[in-house]
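J.:
Chains as they are written, first to last, in full-length UniProt numbering: chain A, 1 to 214; chain B, 1 to 214.
(1) Could you please give the first and the last residue of the uninterrupted beta strand (DSSP E) stretch that includes residue 165(B)?
(2) Is the shortest distance between the beta-carbon of residue 22(B) and the beta-carbons of chain A less than 8 Å?
(3) Anything in chain B within Cβ reach of residue 105(A), meaning under 9 Å, just list it in chain order.
(4) So that I know if they touch, is there some Cβ in chain C lying closer than 8 Å to that of residue 78(B)?
(5) Answer with buried or exposed for residue 137(A), where buried requires no fewer than 16 other C-beta atoms within 10 angstroms of its C-beta.
(6) Could you give the residue range of the beta strand (DSSP E) that holds residue 57(A)?
(7) Mind pulling the chain B residues with CB within less than 8 Å of residue 73(A)?
(8) Chain B partners of residue 199(A), CB-CB under 7 Å?
(9) Looking at residue 89(B) and residue 36(A), is the spacing between their C-beta atoms short of 8 Å?
(10) Which residue wins for smallest C-alpha separation from residue 191(A), given the options 150(A), 103(A), 4(A) and 67(A)?
(11) Rounded to a whole number of angstroms, what is the C-alpha to C-alpha distance between residue 24(A) and residue 121(B)?
(12) Whose C-beta lies closer than 6 Å to the C-beta of residue 155(A) among residues of the same chain, with five residues either side of it excluded?
(13) Three or more C-beta pairs closer than 8 Å, one from the stretch 201-209 of chain A and one from the stretch 192-207 of chain B: is that the case here?
(14) Can you grab the Cα-Cα spacing for the pair residue 158(B) / residue 42(B), in whole Å?
(15) Once the 5 residues before and after residue 176(A) are set aside, which same chain residues still bring their CB inside 8 Å of it?
(16) Output the residue ranges of the alpha helix (DSSP H) runs that lie fully inside the stretch 143-206 of chain A and measure 4 residues or longer, sorted by chain position.
(17) Under 8 Å, Cβ to Cβ, is there at least one residue of chain A near residue 12(B)?
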């Protein structure tokens, strides 16, 4: 545990699988930044609700945004605690016994309440950070949000304090006697790939200064 | 709306973006079956909690499993309602304005309480279904769970009743006047790919009847 780690909180203390736990900031940041979407859950009228949504990070602040009318975001805006999970599935771990089948993954969980961003300048800044995360250099080329659009968009800002990562990598771990079984074992690795950009069917290439795409 | 659709429930009625909603069983099944992992949230001591976990489906039953000691699964086993989300990100939708940036995705949300499976035969059957989902034909080649392993594993079964899908596909939709802007617009498609299997470093190929892998 380094002094730059996140403090372990009651909520983020790993009871099971502590060897897979990490509180290292750089590890957490990397998992968050590599992902486009997270899952955000909260409690609304005593019941669990969840949405998948895009996210981004600036230092130790974590951001999500969406329609001002979204009921999950609205509940969090009204003060409900959120539990946010970012997950990368890296592979299936195929063991010699059914029981030891597992997955290689990297995940982060963030607990916390959010601040609703009210200042248009700050919202504009975060819009830029988000668009630049999706495609570097794009912000200066697109139309920026107008006053109505900013108003229609809710930005929620979380302090990253109750944060933990959980990571599994590598081979299956079988019971010693099972290694003698005549069955293939190993990892089926998976990853996300980005294919060639697809032009909008209404794209007019003559409008573009050069033929570059995103 | 076809007569085979899921009934729209108070929880699954889409208030926003109803054009993206689907209650079609086949659509929902396909989204679920194509995914390896889902996110499961519930309420524990009044607060939201969430885990990523693997899932599978048989007809209108949805299954997750994990350690009998897992606190999120335990809360659901004790009767807490769950909200489960399965999400495929299919691409980033790059519009001409920041505001109309979006994502192409397919997601399913399931609300419900679960039954804890207690019967070892039924748990064994579902273990087989799950392993066969991961790698067809594998169940007959591996060591099956013993009594202790079955006991250590909690299986939760959900009736798929409060279920909805949400899907976005295709081009960005810009404000009419923005189509004249000199900026590239379109979709950056992404998908999950499976790379070549990686042998367990302790794999002894001489044990295998043939040289096939998973």
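Just so you know, even glycine gets a beta-carbon here, dropped at the ideal spot from N, CA and C.
T.: In short, the structure shows the following:
(1) Here the question's residue 165(B) lines up with position 165 in the second chain. Segment 162-168, the beta strand (DSSP E) holding residue 165(B).
(2) Within the second chain, numbered from 1, the residue matching residue 22(B) stands at position 22. Judged by the 8 Å Cβ criterion, residue 22(B) is not in contact with chain A.
(3) Within the first chain, residue 105(A) is the residue found at index 105, counting from 1. Here the neighbours are 37 and 52.
(4) Going by chain labels, chain C is absent from the structure shown, which instead holds the protein chains A and B.
(5) Walking along the first chain from the start, residue 137(A) turns up at place 137. Its Cβ having fewer than 16 others within 10 Å, residue 137(A) is exposed.
(6) Your numbering for residue 57(A) matches position 57 in the first chain. 47-58 is the span of the beta strand (DSSP E), which, as asked, contains residue 57(A).
(7) Position 73 of the first chain, counted from the start, is the residue given in the question as residue 73(A). Residues of chain B passing the Cβ test: none, with the nearest at roughly 11 Å.
(8) Position 199 of the first chain holds residue 199(A). Chain B residues near residue 199(A): 186.
(9) Residue mapping note: residue 36(A) aligns to position 36 of the first chain, counting from 1. Residue mapping note: residue 89(B) aligns to position 89 of the second chain, counting from 1. Yes, Cβ-Cβ distance for residue 36(A) and residue 89(B) is below 8 Å.
(10) Residue 191(A) sits at position 191 when you count from the first residue of the first chain. Nearest of 150(A), 103(A), 4(A) and 67(A) to residue 191(A), Cα basis: 103(A).
(11) Within the first chain, numbered from 1, the residue matching residue 24(A) stands at position 24. Within the second chain, numbered from 1, the residue matching residue 121(B) stands at position 121. Residue 24(A) and residue 121(B): Cα-Cα distance of roughly 43 Å.
(12) For the purposes of this step, residue 155(A) is identified with residue 155 of the first chain, where counting begins at 1. 65, 117, 123 and 126, listed in sequence order.
(13) no
(14) What you label residue 158(B) is simply residue 158 of the second chain in a count that begins at 1. What you label residue 42(B) is simply residue 42 of the second chain in a count that begins at 1. Rounded to whole angstroms, residue 158(B) to residue 42(B) spans 14 Å at the Cα level.
(15) Taking the first residue of the first chain as 1, we reach residue 176(A) at position 176. None.
(16) 147-152
(17) As a first step, residue 12(B) must be located in the second chain, where it is residue number 12. With 8 Å as the cut-off, residue 12(B) does not count as an interface residue toward chain A.
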